[in-house]
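Per my numbering, the sequence shown starts with residue 62, numbered consecutively.
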Amino acid sequence: MTRRRVALGLAALGLSAGCGAPAPQMSFAETGNGEARIAALTRALLALGPEVDAQEAGRTARIAVLRPLDWAEEWQVVDPPLKHNFKVIHGLREKGLCRDWTNALYAALHAERLRTIDLHVGFSNARNVRLEHVSVVVSARGRPMEAGLLLDPWRIGQGRLWFGRVTEDPRYEWETLEAVRAWQAQQKARLGL
62 MTRRRVALGL AALGLSAGCG APAPQMSFAE TGNGEARIAA LTRALLALGP
112 EVDAQEAGRT ARIAVLRPLD WAEEWQVVDP PLKHNFKVIH GLREKGLCRD
162 WTNALYAALH AERLRTIDLH VGFSNARNVR LEHVSVVVSA RGRPMEAGLL
212 LDPWRIGQGR LWFGRVTEDP RYEWETLEAV RAWQAQQKAR LGL
């Protein structure tokens with residue numbers, strides 16, 4: 062009984078670390094090898110619109126698939142997402158929350174100075190800090206975030222990239238940074254802050 066209580070307590074603390082609940086764990090084989098994932102993501106990026114440059118799509122895919130694996134090693138991410146969140150929150154690891162993955166991936170892609178792909182930051186559950194999740198979204202240049210692809214290296218765990226259309230995410234509903242900031246401003250005004 063004590064083990065069960067400890068496990069439930071750890072799960073509750075993990076949820077309070079933000080980043081919501083992850084999708085069911087998948088083996089690396091289920092997510093494909095690096096080159097297969099890069100090719101699949103490149104195709105998905107090209108499908109965002111005819112204006113997306115093939116070389117940019119390839120570079121973006123390579124960075125999105127491979128760099129998070131490097132960060133996972135650097136940040137010592139060896140556990141499922143919620144367990145690792147617990148370690149970060151309690152000072153056992155320095156990085157590895159969804160916001161860390163988002164910041165690192167956004168910076169790496171921004172450094173590429175993409176011309177045909179726009180970068181966005183998507184938020185889910187932003188009104189509940191204990192379940193909040195954040196991730197990079199890419200779209201064809203000039204298109205809204207909702208027309209883009211979500212790039213989420215936190216969700217599966219250990220830097221393995223989950224990607225898919227923002228509007229087709231089976232786990233989260235996404236909104237823009239602007240929408241979150243507008244809501245925050247409304248809340249501050251309502252509270253007289």
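Where a beta carbon is used, it is the ideal one built from N, C-alpha and C, also for glycine.
As the structure is a prediction and not an experimental result, all values here were calculated from the model.
| query | result |
| --- | --- |
| Pick out the complete alpha helix (DSSP H) segments inside the region 148-197, 4 residues or longer, and give them in chain order. | 159-171 |
| Within 8 Å, do at least three Cβ pairs link the region 200-215 to the region 177-192? | yes |
| When burial is assigned at 16 or more other CB atoms within 10 Å of the CB, is Leu-153 buried or exposed? | exposed |
| Apply the 10 Å Cβ neighbour rule to Asn-146 and answer buried if 16 or more other Cβ atoms are within range, or exposed otherwise. | buried |
| Would you kindly report the start and end of the unbroken beta strand (DSSP E) that includes Asp-131? | That residue, Asp-131, is in no beta strand (DSSP E); its alpha helix (DSSP H) goes 115-135. |
| Do Gly-95 and Val-126 count as a contact pair if the criterion is CB distance below 8 Å? | yes |
| Three or more C-beta pairs under 8 Å: does that hold for the region 210-229 against the region 162-169? | yes |
| Just verifying my parser: in three-state terms, what is the DSSP assignment at Arg-232? | coil |
| Can you tell me whether Ala-246 is helix, strand or coil according to DSSP? | helix |
| What residue does the beta strand (DSSP E) around Leu-109 start on, and which one ends it? | No beta strand (DSSP E) holds Leu-109; DSSP gives it neither H nor E. |
| Could you confirm whether any beta carbon from chain B is found closer than 8 Å to the beta carbon of Val-126? | Protein chains in the displayed structure number just one, and chain B is not present. |
| Report the CB separation of Val-197 from Val-227 in whole angstroms; it is logged as a contact under 8 Å. | Not really, about 11 Å apart at Cβ, beyond 8 Å. |
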